[in-house]
Amino acid sequence: MNHTISVLVENRLGVLARVSGLFSGRGYNIDSLCVGETDDPMISRMTIVTHGDNKIIEQIEKQLNKLIDVIKVMDVTKEDHVERELVLIKVGVDEGQRGKILEIVEIFRGKVIDVSPKTITVEITGDEGKINGITEMLKPFGVKELVRTGKVAVVRGEK
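Each residue of the sequence shown is one higher than the one before, counting from 1 in UniProt numbering.
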């Protein structure tokens, strides 16, 4: 089962290497990893997607908590949360296809961010299903390039 783990860390040199080294050193895989500063420039949030049973995830959480620069570890999979990914897709296009591609992008509530005579580049934000869906819909047109961020997640506010 996939798990999304949110890790607050001190924003210091080498922290990313120590966290990723923890995973590789123990034979755990990172499916996606996003890192960025929080509202406090001294703290960064890592969103790590990995997989394993409950015992493996518990072990990962314990090992992360042992790292000096780690402030807080939370498996948000267990919580009511929202998660999103961003994808940029460059699609090959000729005049006859341009309208069809634009219709697909509109259906998925995406944005065209670059246009050239031979390509259209679109931006889509959403959950994993939405990202996979538009990727599959655009494949027949000839995907030239695809860049995907991986998940970011936050626990929902209290009701």
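Where a beta carbon is used, it is the ideal one built from N, C-alpha and C, also for glycine.
Local conformation of residue i per DSSP, three classes
| i | result |
| --- | --- |
| asparagine 2 | strand |
| leucine 64 | helix |
| arginine 148 | strand |
| glycine 36 | strand |
Residue i - partner residues in DSSP beta bridges
| i | result |
| --- | --- |
| alanine 153 | Glu83 |
| glycine 126 | Glu85 |
| valine 9 | Ser44, Val70 |
| lysine 139 | None, per the DSSP bridge assignment. |
| aspartate 75 | Ile5 |
Same chain, Cβ closer than 7 Å to residue i, neighbours up to 5 away in sequence not counted
| i | result |
| --- | --- |
| glutamate 4 | With the sequence shown as reference, residue 4 is identified as threonine, and glutamate is not the correct amino acid for it. Within the same chain, threonine 4 has close Cβ partners Thr47, Val49, Val76, Thr77, Glu83, Lys151, Ala153. |
| valine 105 | Val112, Val122 |
Cβ neighbours of residue i in the same chain (closer than 8 Å, five flanking residues each side left out)
| i | result |
| --- | --- |
| lysine 130 | Phe108, Ile124 |
Beta-carbon separation (whole angstroms), residue i vs residue j, contact threshold 8 Å
| i | j | result |
| --- | --- | --- |
| valine 143 | isoleucine 89 | 6 Å |
Top-ranked residue by Cα proximity to residue i, from the options
| i | options | result |
| --- | --- | --- |
| valine 91 | Gly157, Gly27, Met137, His51 | Met137 |
| aspartate 114 | Asn132, Val93, Asn65 | Val93 |
| glycine 157 | Asp127, Leu33, His81, Thr135 | His81 |
| valine 15 | Gly36, Tyr28, Gly27 | Gly36 |
Sequence-distant residues of the same chain with beta carbon closer than 6 Å to residue i, five excluded per side
| i | result |
| --- | --- |
| leucine 146 | Ile89 |
| methionine 74 | Ser6 |
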